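S.K.: Protein chains in written order, with our numbering: chain A, 1 to 337; chain B, 1 to 337.
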DNA sequence: CGAAAAAGTGGCAGCGCTGCCAACAATTGT
DNA sequence: ACAATTGTTGGCAGCGCTGCCACTTTTTCG
């Protein structure tokens, strides 16, 4: 069927058959030319390409995928688009996937395991060539589906635990520990914590657990903590530190659940004239731009978020045995400790 | 074919036919039950559902979509994942689309029109139910393809121009103008500009054009400008302002291409002890968290990025005539002007 | 109580494409 | 010149599912 009849009636879309007919060749020949696969003469090539162009042919990958088994889609499941970590990871993954001819399909869980299950199922129904998910903790059924799918599965941004197939990340637990040891080595002793809802984001919980246990090894404990019930933000960090200092004014350092929160704390101190690090030290997590560019660069831990996306994507596109890669992190000794 | 033979040989995936056979019903009946569409007895329902569950059946939407014409995919094309604007818009769109049973497929152009064309073509080949693209400027072929596809097309985040079908955004030109008038009304006269690469991001160019022409109406012009050749960042803003002030130390206000840049400028002033706004006023664009939470809230323009995504998605999911919606913006009189 | 309507069900033809195979044409080698 | 290759090409059977239609039950109702 042509795209438009002589009388102007639109009739569906242009199909490969239309192109083949217009070019005066068989379907399979047209298909071969359009995919640059198999052999055909230069003349045939031209006529098919011309026909396709003049008809405005757009191949139907739905049909193509169904016929050839094995799509060029890769499902990506992340908890949020608000937390910079995930867009960063996504960016890395996107670059590599697109470079390898894959098309990412993104789904966002809002940190809910139930929704993760639904989304994984839904993505799998597109028969993707691979899946990338954030974190190592998933519902039993999610894991079962992922295993059952017999495709490459990458679990990203965490290395504290066992994965299904590919694991690329860094140890959040260890990052928390390193943060604590850094503060201790700098001589801080009355250390507080300002964090955000950790029941939802398990990586935050792991960090804090690592932090606590490293403190404990130094014979210390968290002197005071303030957990805000919502997700992290600069304002939450600012207000959280305000409240924490209201209750525990003698703290000499505060560990924040991430840089957003820490920058909030930094702003609180700036606004109140609290000397950093003289009167109060601040330590964050993530290594954001804003942390690096602040008048006093924030002491924090820089995580290889983009690289995690890239490496994960690369592995998902490849064959090979299950792999676990710890990309590590870098402790940035800024000016706030 | 069963998922696994008696001898343990894995044989492909479980199909609807398998489920139907296991449940002792016909394919179409199984299909109806699984989609909750059409009629079937409660008993049939149970047996199909049980069969599906015990076989670990995952429907194949590739096949489903091909058979039923019309997918539940919506293609989204954005220039970048690094600029907060796009993840924000994406978030709004995602919420609405998922709520309406659609699955977003995201593609990133890196601000290259050539790549946009490729990506639009590639996304269209998935026969999406709709498309959402950033901005109003596209290559001729891109527009042709989008029109040809006979699906809903939303162009987002800009309202300065004509669109293909649905346009949801705000006037970048007008935002620039409002910024200029604000500065003028506050009595600033020696106004500088620090911006980032505007050849790639057309919305930045529109803002600056609007800014200039509003200044001209007040009989003023941009006293000095510093354009960094890369994309925007806090550091770029900080360094840019440093260089600008080096060349033009007598400025009394600086307009930045966005809040990232402006916060960088703010940090520069903090670090150098330049009084804000006494000695120098700062004005940004976007209304980011960090701008609001800074010790001195940044004067800026807050744009309804998430709402643009939501509204655009809502319209893409609906029928109706071509529409253009200007969601406007809000000028935030912070403490930096 | 029988006819008409409704509910439940299975068969089967595609959706648009790819992969395989067989058919033929153009080369090459001997 | 003839056989053996190599290069080109079209036909056609699916991929797994949905939509339509025809058919068999039930239920409803005059």
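Cβ atoms here follow ideal geometry from the backbone N, Cα and C, with glycine treated the same way. Owing to the predicted nature of the structure, the values given are computational and were not obtained by experimental measurement.
Please look up how many angstroms separate the CB atoms of residue 157 of chain A and residue 89 of chain A, rounded, as I've assumed it's under 8 Å.
M.R.: Numbered from its first residue, the first chain carries residue 157 of chain A at position 157. Numbered from its first residue, the first chain carries residue 89 of chain A at position 89. Yes, they are in contact, since the Cβ atoms of residue 157 of chain A and residue 89 of chain A sit about 6 Å apart, within 8 Å.
S.K.: For residue 338 of chain B, decide whether its Cβ has a neighbour in chain A, counting only Cβ atoms nearer than 8 Å.
M.R.: Residue 338 of chain B lies beyond the residue range present for chain B, which begins at 1 and ends at 337; the question has no answer from this structure.
S.K.: Determine the DSSP secondary structure at residue 336 of chain B, reduced to helix, strand or coil.
M.R.: Sequence index remark: in the second chain, residue 336 of chain B carries index 336 (1-based). DSSP places residue 336 of chain B in coil when its eight states are reduced to three.
S.K.: Would you say residue 148 of chain A and residue 56 of chain B are within 8 Å of each other, going by their C-beta atoms?
M.R.: Counting from one through the first chain, the residue named residue 148 of chain A turns up at place 148. Counting from one through the second chain, the residue named residue 56 of chain B turns up at place 56. Going by C-beta atoms, residue 148 of chain A is nearer than 8 Å to residue 56 of chain B.
S.K.: At a CB distance below 9 Å, what residues from the stretch 122-154 of chain A approach chain B? Give them in sequence order.
M.R.: Cβ contacts with chain B come from 122, 123, 124, 125, 126, 127, 144, 145, 148, 149, 150.
S.K.: Quick one: residues in its chain with C-beta nearer than 7 Å to the C-beta of residue 188 of chain A, no 5 flanking neighbours on either side, listed in chain order?
M.R.: Start at 1 with the first residue of the first chain, and residue 188 of chain A comes out as number 188. The answer, listed in chain order, is 252, 253, 281.
S.K.: How about residue 317 of chain B and residue 163 of chain B: do their beta carbons lie closer than 8 Å?
M.R.: The sequence position of residue 317 of chain B within the second chain is 317, counting from 1. The sequence position of residue 163 of chain B within the second chain is 163, counting from 1. Contact flag unset, no.
S.K.: Can you tell me which of A:168, A:169, A:159, A:122 puts its alpha carbon nearest to the alpha carbon of residue 146 of chain A?
M.R.: If you number the first chain from 1, residue 146 of chain A lands on position 146. Minimum Cα distance to residue 146 of chain A is reached at A:122.
S.K.: When we look at the beta-carbon of residue 82 of chain A and count the other beta-carbons within 10 Å, is it buried (16 or more) or exposed?
M.R.: Within the first chain, residue 82 of chain A is the residue found at index 82, counting from 1. Flag for residue 82 of chain A reads buried.
S.K.: Quick check on the DSSP output: what are the complete alpha helix (DSSP H) runs of length 4 or more inside the stretch 34-121 of chain A, in order along the chain?
M.R.: Qualifying alpha helix (DSSP H) stretches, in chain order: 42-55, 61-68, 85-99.
S.K.: So what's residue 154 of chain B in DSSP terms, helix, strand or just coil?
M.R.: Along the second chain, one-based indexing puts residue 154 of chain B at 154. Note: residue 154 of chain B maps to strand in three-state DSSP.
S.K.: Can you name, in chain order, every residue of its own chain whose Cβ lies under 6 Å from the Cβ of residue 242 of chain B, other than the five neighbours on each side?
M.R.: Mapped onto the second chain, residue 242 of chain B falls at position 242. The answer, listed in chain order, is 268.
S.K.: Check the Cβ of residue 311 of chain B against every Cβ in chain A and list those closer than 8 Å, keeping chain order.
M.R.: For the purposes of this step, residue 311 of chain B is taken as residue 311 along the second chain, with counting starting at 1. Per Cβ cutoff of 8 Å: no residues; residue 311 of chain B is ~17 Å from chain A at best.
S.K.: Does the distance from the CB of residue 107 of chain A to the CB of residue 119 of chain A come in under 8 Å?
M.R.: The residue labelled residue 107 of chain A in the question sits at position 107 within the first chain. The residue labelled residue 119 of chain A in the question sits at position 119 within the first chain. Yes, they are a contact pair.
S.K.: For residue 27 of chain A, count the other beta carbons within 10 Å of its own beta carbon; 16 or more makes it buried, fewer makes it exposed. Which is it?
M.R.: As a first step, residue 27 of chain A must be located in the first chain, where it is residue number 27. Burial call: exposed.
S.K.: Using the three-state DSSP reduction, which class does residue 192 of chain B fall into: helix, strand or coil?
M.R.: Locating residue 192 of chain B in the second chain gives position 192, counting from the first residue. Reduced to three states, the DSSP call for residue 192 of chain B is strand.
S.K.: So, residue 170 of chain A versus residue 329 of chain A, is the Cβ gap smaller than 8 Å?
M.R.: Walking along the first chain from the start, residue 170 of chain A turns up at place 170. Walking along the first chain from the start, residue 329 of chain A turns up at place 329. Yes, Cβ-Cβ distance for residue 170 of chain A and residue 329 of chain A is below 8 Å.
S.K.: Taking the alpha-carbon positions, what's the residue 154 of chain B to residue 143 of chain B distance?
M.R.: For the purposes of this step, residue 154 of chain B is taken as the residue at position 154 of the second chain. For the purposes of this step, residue 143 of chain B is taken as the residue at position 143 of the second chain. Answer to the nearest angstrom: the Cα atoms are 12 Å apart.
S.K.: Can you confirm whether residue 93 of chain A, when its beta carbon is compared against all beta carbons of chain B, has any partner nearer than 8 Å?
M.R.: For the purposes of this step, residue 93 of chain A is identified with residue 93 of the first chain, where counting begins at 1. No, no contact with chain B.
S.K.: Run through chain A and tell me which residues come within less than 8 Å of residue 65 of chain B, C-beta to C-beta.
M.R.: As a working mapping, residue 65 of chain B is identified with position 65 in the second chain. Those are 62, listed as they occur along chain A.
S.K.: DSSP has residue 331 of chain A in a bridge; who is on the other side?
M.R.: Taking the first chain and counting its residues from 1, the one referred to as residue 331 of chain A is at position 331. Paired residue(s): A:301.
S.K.: Helix, strand or coil: how does DSSP classify residue 323 of chain A here?
M.R.: By one-based count along the first chain, residue 323 of chain A stands at place 323. Strand at residue 323 of chain A.
S.K.: Going by DSSP, what residues sit across from residue 253 of chain A in a beta bridge?
M.R.: Taking the first residue of the first chain as 1, we reach residue 253 of chain A at position 253. Answer is A:191, A:281, bridged to residue 253 of chain A.
S.K.: Here's the rule I'm using: 16 or more other beta-carbon atoms within 10 Å means buried, otherwise exposed. How should residue 182 of chain A be labelled?
M.R.: Translated into the one-based positions of the first chain, residue 182 of chain A becomes position 182. With 16 or more Cβ atoms within 10 Å of its Cβ, residue 182 of chain A is classed as buried.
S.K.: Determine whether the beta carbon atoms of residue 331 of chain B and residue 301 of chain B lie at a separation below 8 Å.
M.R.: Here residue 331 of chain B is taken as the residue at index 331 of the second chain, counted from 1. Here residue 301 of chain B is taken as the residue at index 301 of the second chain, counted from 1. Yes; because the gap between Cβ atoms is below 8 Å, this pair is in contact.
S.K.: Closer than 7 Å between beta carbons: that is the criterion. Which residues of the stretch 34-63 of chain A meet it against chain B?
M.R.: Flagged, chain order: 56, 58, 59, 60, 61, 62, 63.
S.K.: Report the neighbours of residue 235 of chain B on chain A: residues whose CB is nearer than 9 Å to its CB, in chain order.
M.R.: For the purposes of this step, residue 235 of chain B is taken as residue 235 along the second chain, with counting starting at 1. Neighbours of residue 235 of chain B on chain A, chain order: 289, 292, 293.
S.K.: Output yes or no for whether 8 Å exceeds the beta carbon distance between residue 223 of chain A and residue 192 of chain A.
M.R.: Position 223 of the first chain, counted from the first residue, corresponds to residue 223 of chain A. Position 192 of the first chain, counted from the first residue, corresponds to residue 192 of chain A. Yes, these two residues count as a Cβ contact at 8 Å.
S.K.: Contact criterion: CB-CB distance below 8 Å. Does residue 79 of chain B meet it with respect to chain A?
M.R.: Translated into positions along the second chain, residue 79 of chain B becomes position 79. Residue 79 of chain B does not count as touching chain A.
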